[in-house]
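**Q**
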Amino acid sequence: NAGVTQTPKFQVLKTGQSMTLQCAQDMNHNSMYWYRQDPGMGLRLIYYSASEGTTDKGEVPNGYNVSRLNKREFSLRLESAAPSQTSVYFCASGGGPYNEQFFGPGTRLTVL
Amino acid sequence: KNQVEQSPQSLIILEGKNCTLQCNYTVSPFSNLRWYKQDTGRGPVSLTIMTFSENTKSNGRYTATLDADTKQSSLHITASQLSDSASYICVVTPGSGGYNKLIFGAGTRLAVHP
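Chains as they are written, first to last, in this note's numbering: chain A, 3 to 114; chain B, 18 to 131.
(1) For Arg-59/B, return the contacting residues in chain A, with the cut-off set at a CB-CB distance below 9 Å.
(2) Would you tell me roughly how many angstroms separate the C-alpha atoms of Gln-39/B and Thr-57/A, rounded to the nearest one?
(3) Starting from Arg-59/B and walking both ways along the beta strand (DSSP E), at which residues does that stretch end?
(4) By DSSP, does Leu-114/A sit in helix, in strand, or in coil?
(5) Is the region 34-48 of chain A touching the region 27-47 of chain B, taking contact as three or more C-beta pairs under 8 Å?
(6) Just how far apart, CA to CA, sit Ser-33/A and Gly-97/A?
(7) Taking only the alpha-carbon atoms, compute the straight-line gap between Asp-84/B and Asn-72/B and give it to the nearest angstrom.
(8) Terminal residues of the continuous beta strand (DSSP E) containing Arg-79/A?
(9) Quick one: is Tyr-116/B near chain A, going by C-beta distance under 8 Å?
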């Protein structure tokens, strides 16, 4: 089992460019999440999908959109990247009685 | 406001020594508390999960304690190894339908030196 995979691992964008971060899980979890991690701060939830076909905003959704393509895949799109979106992005999936979350390896994004 | 605060921010210890990391939270109601280990350049990995009714849980050399009355948790690492060098993150799940909206501390960065 690969667990949670993310692509790409690294990306550099110019201000105003768009891109999509891809995430897939093979644990048959219903819930999937996108977080960003900035220096000195805890992970912050951008969007989540409690089940296939549903998505909801988290703490910091502005500037992002998501798509739950199927049960396995959950993508994050930046329509017009800004330097404030420079961060490390983590995808996670959750399951079990406590909805334990399993994280992918992260995407390091720099917006110039 | 629901918050999770961790101390110290960073810590350096010698290989073989023990250490204790602290977590204070103001989340209420509270469902469970988790500790994650995050190696540099990797995603967080779960170490322990404790419900409000549990006061200790171990995972090998890692032992987490929870005092729900004082809203404090600690993570004790015994006989540290170089591979323990990582950030340790305390995470609280709110009790009111908050399973999808975890609250993360900023982490304690631990460096184990030979």
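From the three backbone atoms N, C-alpha and C, an ideal C-beta is built for every residue, glycine too.
**A** In short, the structure shows the following:
(1) Those within 9 Å of Arg-59/B in chain A are Phe-105, Pro-107, Gly-108.
(2) Approximately 34 Å between the Cα atoms of the pair.
(3) No beta strand (DSSP E) contains Arg-59/B, which DSSP labels as neither H nor E.
(4) Reduced to three states, the DSSP call for Leu-114/A is coil.
(5) Contact fails: fewer than three Cβ-Cβ distances are below 8 Å.
(6) Ser-33/A and Gly-97/A: Cα-Cα distance of roughly 7 Å.
(7) The straight-line gap separating the alpha-carbon atoms of Asp-84/B and Asn-72/B is approximately 6 Å.
(8) Start and end: 76-80.
(9) It does: the Cβ of Tyr-116/B has a partner Cβ on chain A nearer than 8 Å.
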